[in-house]
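J.: For the protein sequence lines, the chains are S and G, in the order given. In this text, residue positions in the first sequence follow the working numbering: the first is 2, and each later residue adds one. In this text, residue positions in the second sequence follow the working numbering: the first is 2, and each later residue adds one.
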Amino acid sequence: GAVVSQHPSRVICKSGTSVKIECRSLDFQATTMFWYRQFPKQSLMLMATSNEGSKATYEQGVEKDKFLINHASLTLSTLTVTSAHPEDSSFYICSARDPGQGFSEQFFGPGTRLTVL
Amino acid sequence: SQQGEEDPQALSIQEGENATMNCSYKTSINNLQWYRQNSGRGLVHLILIRSNEREKHSGRLRVTLDTSKKSSSLLITASRAADTASYFCATKGGTPRLTFGEGTQLTVNP
């Protein structure tokens with residue numbers, strides 16, 4: 002199946018700093034990528050849909066100025082958590098759809114564990 | 002809020018037994034998918050069932066879908082310790098978005 006990578010896998014930062022997380026589709030071009038957040042022992046919550054070459058679509062309740070998304074190429078989307086606070090500590094997962102394998106299945110990255118001190 | 006609900010929330014069985022997990026949803030769907038997540042990892046796609054299908058098999062996995070009841074079940078037969086993970090259902094409607102259920106934590110004891 003298609004492969005999606007994320008970097009970094011784990012990050013610890015101080016409160017008030019910004020953190021950038023990268024999501025890459027390694028063997029296919031993804032016009033659409035998705036960003037999820039998952040708190041411990043909970044399900045995945047969709048934060049936003051990232052569209053190549055256009056603005057991201059954010060879910061209700063997700064602050065676009067706090068979670069900046071850039072999808073500048075067909076293989077890379079970035080999520081920047083600005084002025085991070087301890088309540089932003091979570092597991093962030095991206096996914097992408099591979100047009101070559103139909104649009105129904107999403108391929109997920111391994112996730113990024115963010116800890117804000 | 003999550004539209005999918007899964008039960009049980011946690012399931013503990015012995016190796017070799019079958020594991021059944023259920024998922025309910027609220028809106029109309031194009032397809033329903035099941036994913037597996039090992040602790041602290043990303044999700045792995047297991048199986049997809051379309052809204053016009055009632056049952057699907059893949060190896061030791063069997064998925065059923067009842068659109069009249071808006072529910073699905075995932076059966077893992079002859080479970081193994083390596084099947085220990087969280088299992089999520091996800092529904093897809095007319096948009097690219099997936100909506101995930103709350104998940105079932107499966108523990109298979111050797």
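Idealized CB from N, CA, C, for every residue including glycine. Source: prediction; values computed, not measured.
Closer than 7 Å, Cβ to any Cβ of chain S: which residues of the segment 56-89 of chain G, in chain order?
T.: Flagged, chain order: Phe89.
J.: Would DSSP call Ser2/G helix, strand or coil?
T.: With a pLDDT of 28 at Ser2/G, under the threshold of 50, the modelled position of this residue cannot be trusted; read the value that follows with caution. Of the three classes helix, strand and coil, the one that applies to Ser2/G here is coil, per DSSP.
J.: Give me the Cα-Cα distance between Val12/S and Gln39/S, rounded to the nearest whole angstrom.
T.: Each residue's Cα considered, the two are about 15 Å apart.
J.: Closest to Thr33/S by CA distance: which of Cys95/S, Asp66/S, Thr83/S, Glu88/S is it?
T.: Here the closest residue by C-alpha is Cys95/S.
J.: If we ignore side chains and look at the alpha-carbon of each, how far apart do Tyr37/S and Met46/S end up?
T.: For Tyr37/S and Met46/S, the distance between alpha carbons rounds to 5 Å.
J.: Just grab the DSSP bridge partners of Val64/G for me.
T.: BP columns for Val64/G point to Lys57/G, Leu75/G.
J.: CB Gln7/S to CB Thr76/S, shorter than 8 Å?
T.: Contact: no.
J.: What three-state label does DSSP hand Glu23/S in the structure shown?
T.: Looking at Glu23/S - three-state DSSP - the assignment turns out to be strand.
J.: Evaluate contact between the segment 49-62 of chain S and the segment 47-57 of chain G, counting only Cβ atoms and requiring at least three cross-stretch pairs below 8 Å.
T.: No: the two stretches stay apart, fewer than three of their Cβ pairs being nearer than 8 Å.
J.: Just the Cα atoms here: how many angstroms apart are Ala97/S and Gly104/G?
T.: The alpha-carbon atoms of Ala97/S and Gly104/G are separated by roughly 21 Å.
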